[in-house]
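Residue numbers (UniProt numbering): 1 to 175.
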Amino acid sequence: MIPRTFPPAPGWSPDGHRIKNEIDYSRGPEKTWVYGALRVRDGQELTMTATSRNSVFYQQFLQLVEDANPHGDIYVITDNLSSHNSVSTRTWLEGHPRIRHVFIPVGACWLNLQEGWWRIFRKTALAGRSFGDRDHITHATEVATAQLNARARPWIWGRPAPPTRRLRRRYVYIL
């Protein structure tokens, strides 16, 4: 092996290896979770920020959903997170018979229309931003939800039908 006769490129150690650095990434001590419920018939969304993703905050969120929808049954389509199916949540749901859980299969999040709304929400509220504290995230969530609700439309699962062609050409081949 021929020894190096030129200085190493920036970012490389003198022995020719990449400089390794510990990754210093964390969400910090103050995490913020965003709960959301999409009413598919009119496209309106209800969001709530919380400091934890546990049964207590999930039940608070379900109470907000119930208060926002005073009439009829409420079907909550959800994933299999432990707080969604905990003993305390099931006990709470017994006292609120209008709310019914529908669990989607594991690995089939595309069945939940809420996931499409989350994609739009992240682009509107969170993309490219750096938040100083929990209150900034809560404010961004409230503003983005209000903006998206102002232009909400009913959500339909699946692809819309292609538009019909206005002019159809007919080719006749005579042999």
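Where a beta carbon is used, it is the ideal one built from N, C-alpha and C, also for glycine. Please read these numbers as outputs of a predicted model, since none were measured by experiment.
Residue 101 by DSSP, collapsed to three states: which one?
Strand, per DSSP.
Is residue 81 helix, strand or coil when you go by DSSP?
Three-state DSSP puts residue 81 in coil, outside helix and strand.
Residue 103: buried (16+ other C-beta within 10 angstroms of its C-beta) or exposed?
Residue 103 comes out exposed.
Taking the alpha-carbon positions, what's the residue 76 to residue 133 distance?
Those two C-alpha atoms are separated by around 30 Å.
On the criterion of 16 or more Cβ atoms from any shown chain inside 10 Å, does residue 120 qualify as buried, or is it exposed?
Exposed: under 16 other Cβ atoms inside 10 Å.
Please state if the CB of residue 32 and the CB of residue 137 are separated by a distance shorter than 8 Å.
Yes. Within cutoff.
Look up residue 177 in the DSSP assignment and give the residues it is bridged to.
Nothing about residue 177 can be reported from this structure: the residues present for the chain run from 1 to 175 only.
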